[in-house]
Amino acid sequence: MADILRATQPVNPGFESNTLRDNPIRPGDRGVENVVDPSKIIRPDNRSEREDKASNLLSQSNYDSFIRQMKESSSFVEEFSGLFFDKAQAYAAFGGNPALMELYTELTGIADLDENGILEFMKAQARGGSEYSEDFFRFLKNAFDSTSQMTFKSQILQAAGRYGDMVAGGHKLQMIIGEGNAMSEHLFPADAQILQGILSRLILPQTDQLMGQDPLAYMKENYQNNRKVLLRELIPFFSNYIHRTHDMGLVRSLMSLVTHQTAAYINGNPDKVLEAFTGLAFSLGMADIPVGEQGAAMLVSGLLKKRMDRPEEKFNDKLCAMLKAGLESAASKDVFSQMLKTILGNESVYMPLLHFMIPVNMGSQSLFSEIWVEQNDGRKEKDREDEKTIRMLIKMEVKRLGMFDIILDYKESGEVGIQLYYPGKLSGEEREMENALNAMIAKNSMSPHAVTLKAMKEPLRPIDVFGRLTREKEIVDVRI
Numbered sequence: 001m002a003d004i005l006r007a008t009q010p011v012n013p014g015f016e017s018n019t020l021r022d023n024p025i026r027p028g029d030r031g032v033e034n035v036v037d038p039s040k041i042i043r044p045d046n047r048s049e050r051e052d053k054a055s056n057l058l059s060q061s062n063y064d065s066f067i068r069q070m071k072e073s074s075s076f077v078e079e080f081s082g083l084f085f086d087k088a089q090a091y092a093a094f095g096g097n098p099a100l101m102e103l104y105t106e107l108t109g110i111a112d113l114d115e116n117g118i119l120e121f122m123k124a125q126a127r128g129g130s131e132y133s134e135d136f137f138r139f140l141k142n143a144f145d146s147t148s149q150m151t152f153k154s155q156i157l158q159a160a161g162r163y164g165d166m167v168a169g170g171h172k173l174q175m176i177i178g179e180g181n182a183m184s185e186h187l188f189p190a191d192a193q194i195l196q197g198i199l200s201r202l203i204l205p206q207t208d209q210l211m212g213q214d215p216l217a218y219m220k221e222n223y224q225n226n227r228k229v230l231l232r233e234l235i236p237f238f239s240n241y242i243h244r245t246h247d248m249g250l251v252r253s254l255m256s257l258v259t260h261q262t263a264a265y266i267n268g269n270p271d272k273v274l275e276a277f278t279g280l281a282f283s284l285g286m287a288d289i290p291v292g293e294q295g296a297a298m299l300v301s302g303l304l305k306k307r308m309d310r311p312e313e314k315f316n317d318k319l320c321a322m323l324k325a326g327l328e329s330a331a332s333k334d335v336f337s338q339m340l341k342t343i344l345g346n347e348s349v350y351m352p353l354l355h356f357m358i359p360v361n362m363g364s365q366s367l368f369s370e371i372w373v374e375q376n377d378g379r380k381e382k383d384r385e386d387e388k389t390i391r392m393l394i395k396m397e398v399k400r401l402g403m404f405d406i407i408l409d410y411k412e413s414g415e416v417g418i419q420l421y422y423p424g425k426l427s428g429e430e431r432e433m434e435n436a437l438n439a440m441i442a443k444n445s446m447s448p449h450a451v452t453l454k455a456m457k458e459p460l461r462p463i464d465v466f467g468r469l470t471r472e473k474e475i476v477d478v479r480i
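Just so you know, we're using full-length UniProt numbering here: the sequence shown kicks off at 1 and counts up by one.
Structure below.
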């Protein structure tokens, strides 16, 4: 211990100039056993302390974790297309669970589309990532951009924000209940029982009621009950608990999350939404909407009905229900865990690409497609600096043919470049595929810039196709 701490006895007067020499342990000394070699010690994450600071920071960033996930995860098409095409394979993967098979049948039934249905479903998927995709909100955006009055801009933002919190109310309640349940595991039994009783009095919205004749009235009724439970029971319970225990650990952190979700839910008060939309309709001078709260109620109810009637909403609801049931089943948990991981990666806040899935049953032909779209990110093309380029990666599994990967680059002038990666069993049919692609390009009034075909060696990943994903490392490098 004295050698390690470099501790010595006090120096007697007159001996200050003497050189003290310690006795280091030599690794080759046979008299000492189990000598530790510091160069052989590694950290739990298999990284050396000697790594340079820049690399060390990057390996700890949230964005680098996202990049690693994108490299390691497969596409949803690769995970789900086999189940989508083969009911027997799905039955085996789901462990014969009748509830899962019922949800699976409902999900695949939504994919029975004709040519027009496919186009509408693609449009719906493209706009499905936003609660503000209806024509009315596009009208609001144009009004916001065209006015210089800050009061009017603030009025639009307030109405849109309250509407967003209102339609997300069910999701906020689910998060409150989930975080509350997690909190109960760390409370004293008496406190946990009280918390569970409070959470049981929250009413989650039912999809069939939201799709009824008056979804706004149903949301008002639910809101009044939930608001009372949250503000008069849940928040006072938190305050009392912290006052008694002075908890500064996990429970307090979960309480902070629940309080944040509660504030967002309260902001979505349907009455306040109507009030905001009443003033907005008056300011916009919308002649086809009656003046006052009645007109605002008609507008908001119409928006809610359109939202619930979206085809992508039905597909997403069925998919989420199937994932939830699959994760709760021991026989299929691994399958659905991988599916969920893939979906969450594509919906990450770091994903700069538009992503959507298109399952299609059209007559005897079935295909499952997944598409990533990147608009020009502001970097100019070397050859045509004034022209934007849209790049798409299309992964497509066609029944009885196999997996296709397509990289498509489209320019505003109508020029399109296509790279097609086809299954190896189709080798020898390149001429027919190239002619079919050229015919498709001409049919859509575009001109082919470059069409290349290659046999697929391994499936492409978005990170291999879109350079923007890795370029973001230059500006995104934080750990939260």
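We put the CB at the ideal spot given by N, CA and C, even for glycine.
* To do: Report yes or no: do the region 175–183 and the region 248–255 share at least 3 C-beta pairs separated by less than 8 Å?
  => yes
* To do: Going by DSSP, name the residue or residues bridged to residue 395.
  => According to DSSP, which records beta bridges pairwise, residue 395 is partnered with 370, 405.
* **residue 361 versus residue 420: straight-line alpha-carbon distance, rounded** => 23 Å
* To do: State the beta-bridge partners of residue 137 as determined by DSSP.
  => Residue 137 is not bridged to any residue.
* Asked: Alpha carbon to alpha carbon, how far is residue 377 from residue 468?
  -> Residue placement at residue 377 is poorly supported in this model, since its pLDDT is 47, which falls under 50; the coordinates still yield a value, given next. The alpha-carbon atoms of residue 377 and residue 468 are separated by roughly 8 Å.
* To do: Rank 93, 185, 88 by C-alpha distance to the C-alpha of residue 327 and give the top, closest one.
  => Residue 93 holds the alpha-carbon nearest to the alpha-carbon of residue 327 among 93, 185, 88.
* Chain-order list of residues whose beta-carbon lies under 6 Å from that of residue 406 (same chain, five-residue window excluded) -> 394, 420
* **Distance between beta carbons of residue 322 and residue 460, contact taken as under 8 Å** => About 27 Å; that fails the 8 Å criterion.
* Host beta strand (DSSP E) of residue 418 (start-end) -> 415–422
* Which residues in the same chain as residue 463 place their Cβ atom closer than 8 Å to its Cβ, once the five residues preceding and following it in sequence are excluded? -> For residue 463, same chain residues with a beta-carbon under 8 Å away, outside a window of 5 residues either side, are 67, 70, 71, 469, 470 in chain order.
* **Beta bridge counterpart(s) of residue 358 as assigned by DSSP** => 369
* Contacts around residue 397, its chain only, beta-carbon distance under 6 Å, and the 5 residues preceding and following it disregarded -> 77, 81, 368, 403.
* **Neighbourhood of residue 296 by C-beta, 7 Å cutoff - its chain only, sequence neighbours within 5 removed** => 274, 277, 278, 281
* To do: Count the other C-beta atoms from every protein chain shown that fall within 10 angstroms of the C-beta of residue 172, then say buried if there are 16 or more, exposed otherwise.
  => So residue 172 counts as buried.
* Asked: According to DSSP, is residue 453 helix, strand or coil?
  -> strand
* How about residue 202 and residue 167: are their beta carbons less than 8 Å apart? -> Against a cut-off of 8 Å, the Cβ pair of residue 167 and residue 202 comes out as no contact.
* **Proximity below 8 Å, CB of residue 303 to CB of residue 136** => yes
* Asked: Ordered along the chain, which non-local residues of its own chain (more than five positions away) have a Cβ less than 7 Å from that of residue 453?
  -> 420, 422, 430, 433, 434
* Sorted by chain position, which residues of the same chain lie with C-beta nearer than 6 Å to residue 447's C-beta, five sequence neighbours on each side aside? -> 414, 415
* Given a cut-off of 8 Å, decide if residue 424 and residue 455 are closer than it, judged by their beta-carbon atoms. => yes
* Put residue 194 into one of helix, strand or coil per three-state DSSP. => DSSP places residue 194 in helix when its eight states are reduced to three.
* As assigned by DSSP and simplified to three states, the class of residue 242 -> helix
* To do: Would you mind giving the Cβ-Cβ distance between residue 220 and residue 270, rounded to the nearest angstrom? I have them listed as a contact below 8 Å.
  => 5 Å
* Asked: Can you tell which of 301, 319, 346 has the C-alpha that lies nearest to the C-alpha of residue 336?
  -> 319
* Asked: Just how far apart, CA to CA, sit residue 346 and residue 357?
  -> Rounded to the nearest angstrom, the two C-alpha atoms are 11 Å apart.
* When we look at the beta-carbon of residue 160 and count the other beta-carbons within 10 Å, is it buried (16 or more) or exposed? -> The residue is buried, with at least 16 neighbouring Cβ atoms inside 10 Å.
* Thinking C-alpha only, which one of 156, 169, 120, 95 is nearest residue 283? -> 156
* Going by beta carbon distance, what residues of the same chain come within less than 7 Å of residue 300, once the five residues before and after it are set aside? -> Within its own chain, the residues whose Cβ lies closer than 7 Å to the Cβ of residue 300, once the five positions on either side in sequence are excluded, are 216, 273, 274, 277, listed in chain order.
* In the DSSP assignment, what residue or residues form a beta bridge with residue 218? -> Looking at the DSSP output, residue 218 shares a beta bridge with no other residue.
* To do: Rank 223, 268, 184 by C-alpha distance to the C-alpha of residue 238 and give the top, closest one.
  => 184
* Asked: Hey, would you say residue 191 sits closer than 8 Å to residue 264, going by beta carbons?
  -> no
* Asked: What do you get for residue 349, buried or exposed, if any count of 16 or more other CB atoms within 10 angstroms of its CB means buried?
  -> exposed
* To do: For residue 448, write down the residues that DSSP places opposite it in a beta bridge.
  => Bridge partners of residue 448 according to DSSP: 416.
* **Residue environment, residue 442, which counts as buried when at least 16 other CB atoms sit within 10 Å** => exposed
* Asked: Quick one: Cα of residue 354 to Cα of residue 121, how far?
  -> Going by the C-alpha atoms only, they are around 15 Å apart.
* Just the C-alpha distance for residue 261 and residue 205, rounded to the nearest angstrom, thanks. => 16 Å
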